[in-house]
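A.B. asks:
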Amino acid sequence: MVVLALLGFSSGLPLALSGATLQAWLTVEGLDLKTIGFFALVGLPYTFKFAWAPLLDRFDLPGLPRRKGWMLLCPALIGLLCLAISGLEPAKDLYLLGALAVCLAFVSASNDVVFDAYRNELLAAEERGAGAAVSVFAYRVAMLVSGGLALMLADLWFGWQGLFRALAMVFGLIAVAVFWVPAVESSPAKTSAWVEWRGFVAMLGSGLLVYFIGSQFAPQAIDEWSARANQFVKLGFESLLMLAAFSAALWAARQVRFPSLMAPWDAFFSQKQAIALLGLVVFYKLGDAFAGALSTAFLLRGLGFSAAEVGAVNKALGLAATIVGALLGGWYLARRPLAQSLWPALWWFGIAQALSNLGYWMLSVQEKSFVWMASAITIENLCGGMGTAAFVALLMTLTDRRFTAAQFALLSALAAVGRVYVGPSAGVLAEQFGWPTFFALTLVAALPGLGLLLHLRERIETLAASAACHNQRRAEDAV
Numbered sequence: 312m313v314v315l316a317l318l319g320f321s322s323g324l325p326l327a328l329s330g331a332t333l334q335a336w337l338t339v340e341g342l343d344l345k346t347i348g349f350f351a352l353v354g355l356p357y358t359f360k361f362a363w364a365p366l367l368d369r370f371d372l373p374g375l376p377r378r379k380g381w382m383l384l385c386p387a388l389i390g391l392l393c394l395a396i397s398g399l400e401p402a403k404d405l406y407l408l409g410a411l412a413v414c415l416a417f418v419s420a421s422n423d424v425v426f427d428a429y430r431n432e433l434l435a436a437e438e439r440g441a442g443a444a445v446s447v448f449a450y451r452v453a454m455l456v457s458g459g460l461a462l463m464l465a466d467l468w469f470g471w472q473g474l475f476r477a478l479a480m481v482f483g484l485i486a487v488a489v490f491w492v493p494a495v496e497s498s499p500a501k502t503s504a505w506v507e508w509r510g511f512v513a514m515l516g517s518g519l520l521v522y523f524i525g526s527q528f529a530p531q532a533i534d535e536w537s538a539r540a541n542q543f544v545k546l547g548f549e550s551l552l553m554l555a556a557f558s559a560a561l562w563a564a565r566q567v568r569f570p571s572l573m574a575p576w577d578a579f580f581s582q583k584q585a586i587a588l589l590g591l592v593v594f595y596k597l598g599d600a601f602a603g604a605l606s607t608a609f610l611l612r613g614l615g616f617s618a619a620e621v622g623a624v625n626k627a628l629g630l631a632a633t634i635v636g637a638l639l640g641g642w643y644l645a646r647r648p649l650a651q652s653l654w655p656a657l658w659w660f661g662i663a664q665a666l667s668n669l670g671y672w673m674l675s676v677q678e679k680s681f682v683w684m685a686s687a688i689t690i691e692n693l694c695g696g697m698g699t700a701a702f703v704a705l706l707m708t709l710t711d712r713r714f715t716a717a718q719f720a721l722l723s724a725l726a727a728v729g730r731v732y733v734g735p736s737a738g739v740l741a742e743q744f745g746w747p748t749f750f751a752l753t754l755v756a757a758l759p760g761l762g763l764l765l766h767l768r769e770r771i772e773t774l775a776a777s778a779a780c781h782n783q784r785r786a787e788d789a790v
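Going by the numbering used here, the sequence shown opens with residue 312, and the numbers climb by one from there.
(1) Sorted by chain position, which residues of the same chain lie with C-beta nearer than 6 Å to residue 345's C-beta, five sequence neighbours on each side aside?
(2) Taking the alpha-carbon positions, what's the residue 471 to residue 406 distance?
(3) Which residue's Cα is closest to the Cα of residue 309: 332, 395, 464 and 566?
(4) Assign residue 320 to one of three DSSP states: helix, strand, or coil.
(5) Any idea if residue 532 is buried or exposed, counting beta-carbon neighbours within 10 angstroms, 16 or more meaning buried?
(6) Do you know how far the Cα of residue 569 is from the Cα of residue 537?
(7) Tell me the DSSP secondary structure of residue 584 in three-state form.
(8) Suppose you measure from the CA of residue 525 to the CA of residue 512; what does that come to, to the nearest Å?
(9) Just the Cα atoms here: how many angstroms apart are residue 390 and residue 489?
(10) Give the DSSP-derived three-state secondary structure of residue 403 in the structure shown.
(11) Three or more C-beta pairs closer than 8 Å, one from the region 636-650 and one from the region 750-764: is that the case here?
(12) Considering only C-alpha positions, which residue in the set 422, 572 and 599 is nearest to residue 509?
(13) Sort 691, 477, 378 and 313 by Cα distance to residue 398 and report the nearest one.
(14) Spell out a yes or no on whether the region 587-607 and the region 748-760 are touching, meaning 3 or more CB-CB pairs, one atom from each, closer than 8 Å.
(15) My assumption, with CB atoms under 8 Å, is that residue 585 sits in contact with residue 579. Please give the rounded CB distance.
(16) Drop a sphere of 10 angstroms on the beta-carbon of residue 487, count the other beta-carbons inside from all chains shown, and report buried for 16 or more, exposed for fewer.
(17) Excluding sequence positions up to five away, which residues of its chain have a Cβ less than 8 Å from the Cβ of residue 539?
(18) CA-CA distance, residue 693 and residue 516?
(19) Is residue 491 helix, strand or coil when you go by DSSP?
(20) Do residue 695 and residue 664 have their C-beta atoms closer together than 8 Å?
(21) Rounded to whole angstroms, what's the CA-CA distance from residue 557 to residue 725? Just pull it up for me.
(22) Cα separation between residue 444 and residue 653?
(23) With a Cβ-Cβ cutoff of 8 Å, do residue 353 and residue 699 count as a contact?
(24) What three-state label does DSSP hand residue 567 in the structure shown?
(25) I'd like the span of the alpha helix (DSSP H) that includes residue 709, first residue to last.
(26) Would residue 442 pass as a contact of residue 430 if the rule is Cβ separation under 8 Å?
(27) Figure out for me which residue from 316, 776 and 620 has the closest Cα to the Cα of residue 467.
(28) Which same chain residues, not among the five before or five after residue 372, have their C-beta less than 6 Å away from its C-beta?
(29) Tell me which residue opens and which closes the alpha helix (DSSP H) that residue 521 is part of.
(30) Buried or exposed for residue 713, please, with buried defined as at least 16 other CB atoms from any protein chain shown within 10 angstroms of its CB.
(31) How would you call residue 332, buried or exposed, if buried means at least 16 neighbouring beta carbons within 10 angstroms?
(32) Compute the Euclidean distance between the alpha carbons of residue 458 and residue 328, then round it to the nearest angstrom.
(33) Looking at residue 483 and residue 387, is the spacing between their C-beta atoms short of 8 Å?
(34) Could you give the residue range of the alpha helix (DSSP H) that holds residue 369?
(35) Whole angstroms are fine: how far does the CA of residue 669 sit from the CA of residue 771?
(36) According to the Cβ coordinates, are residue 424 and residue 720 closer than 8 Å?
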């Protein structure tokens with residue numbers, strides 16, 4: 312569990328740097344809400360990490376145990392990127408800052424892929440509830456450092472550039488610490504390296520080609536119409552374009568036989584209700600994603616709190632509440648067999664995290680109040696932490712141990728769809744309808760996930776029971 316805590320910390324620390332902390336920096340620098348909202352797209356690598364996850368599953372760095380090389384390299388690269396960002400000013404270097412933030416998100420997403428695979432291979436089925444709780448605990452502590460503590464340090468002592476230099480040193484220390492984690496017993500698939508790289512290049516090239524053609528040669532009428540309409544039209548067109556690029560990439564991967572991608576993909580979709588399960592992964596935390604997309608901008612600009620106050624309450628107190636929620640969620644999951652505890656945890660925690668978003672709505676319709684802010688944020692993060700613990704246990708249950716990295720990357724990437732894509736639409740909604748309506752809509756956004764959860768109850772209970780049986784067989788074989 313100590314190892315999971317270290318790696319969970321390493322995984323969670325970079326997320327806020329391309330998310331809420333970056334959002335706070337842009338807000339303090341005076342950028343408009345639309346720009347801040349669209350900056351959420353720097354998190355796209357979290358959505359598409361399943362594309363290169365098979366390569367991380369298939370290849371290991373020479374001279375190091377399986378998984379360990381990537382777990383060493385990723386924090387080191389993140390540290391270098393933080394050092395590069397520390398020399399920029401958002402108002403003058405907006406595009407370069409965006410590019411480096413995308414690179415940071417790419418390396419961070421790769422780090423997540425390796426950690427998720429390592430955790431799945433390390434834990435038995437009955438340990439997954441506790442393992443999920445420890446991972447979320449460490450993940451949220453890391454977000455406390457790069458989110459809450461970082462905001463206070465930037466506002467009161469270091470400044471934003473100094474903050475990123477300090478974080479670069481932290482990632483260097485993490486890379487050294489990861490060297491001592493134990494190896495796991497697993498082996499990569501025995502496929503041709505040439506076939507794997509050929510498949511990856513064909514997939515990537517096809518997707519980029521379709522996206523480039525669509526973005527460069529779209530009918531002028533579409534551009535003119537979207538300019539007269541609103542930002543939702545542009546966002547919808549971008550979504551369709553990305554869907555077309557994604558479809559082209561998958562088609563190319565299948566045509567040239569990219570085995571490390573297609574084998575886990577086909578294995579997942581061969582099971583019952585696979586599409587509905589993917590829908591649940593996407594929608595389960597959508598309401599939380601909506602509420603969190605502009606929460607920092609809302610507290611800073613909408614309510615007028617300082618960056619230090621936001622860091623102390625929204626980040627420090629809020630993340631502390633998330634940690635407590637994750638531990639409570641892990642305790643609930645561990646006290647009974649997973650087949651009996653997983654679905655009830657998902658259901659009740661899902662309802663709680665949806666209703667907790669109404670606290671932001673209360674903040675938006677009354678006078679500025681530090682006590683109300685602290686109360687609303689504590690409740691929202693407590694419920695969100697419980698939901699996250701159950702959700703991580705669900706993702707581990709859905710993963711086939713033959714394709715740990717690739718399948719978990721696909722599932723967690725789909726889970727990130729909401730967090731990434733609601734950013735642009737959230738900014739537009741907040742500007743057009745105001746904060747009260749925006750936060751009321753976050754409750755509506757949570758309903759599809761709860762509906763799918765009801766529909767999939769029997770399937771989830773069956774999968775959890777199967778995971779427990781598989782682990783029992785492994786234990787018997789070991790004896």
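Every residue gets a Cβ at the ideal spot worked out from N, C-alpha and C, and that includes glycine.
C.D. replies: Checking against the coordinates, here is how it stands:
(1) 738
(2) 17 Å
(3) Any answer about residue 309 is impossible in this case: the structure gives the chain only from 312 up to 790.
(4) helix
(5) At residue 532, the pLDDT of 46 sits below 50, so the modelled position is not reliable; the number obtained from the coordinates is stated separately. Exposed, by the Cβ-count rule.
(6) Unreliable placement is indicated for residue 537, whose pLDDT of 48 sits below 50; the coordinate value is still reported in the next sentence. Each residue's Cα considered, the two are about 37 Å apart.
(7) coil
(8) Looking at the backbone, the Cα of residue 525 and that of residue 512 are separated by about 20 Å.
(9) C-alpha separation (whole angstroms): 14 Å.
(10) coil
(11) The region 636-650 is not in contact with the region 750-764.
(12) 572
(13) 477
(14) yes
(15) 6 Å
(16) exposed
(17) For residue 539, the pLDDT reaches just 44, beneath the cut-off of 50, and the residue's location in the model is therefore unreliable, although a value from the coordinates is still provided. Same-chain partners within the cutoff: there are none.
(18) Cα-Cα distance, rounded: 43 Å.
(19) coil
(20) yes
(21) 13 Å
(22) 13 Å
(23) no
(24) coil
(25) 681-709
(26) Result yes, Cβ atoms of residue 442 and residue 430 sit closer than 8 Å.
(27) 620
(28) Closer than 6 Å at Cβ, skipping near neighbours: 380.
(29) Note, residue 521: alpha helix (DSSP H), 504-527.
(30) exposed
(31) buried
(32) Straight-line measurement puts the Cα of residue 328 at about 8 Å from the Cα of residue 458.
(33) yes
(34) Here the alpha helix (DSSP H) through residue 369 covers 364-369.
(35) Whole-angstrom Cα-Cα distance: 29 Å.
(36) Against a cut-off of 8 Å, the Cβ pair of residue 720 and residue 424 comes out as a contact.
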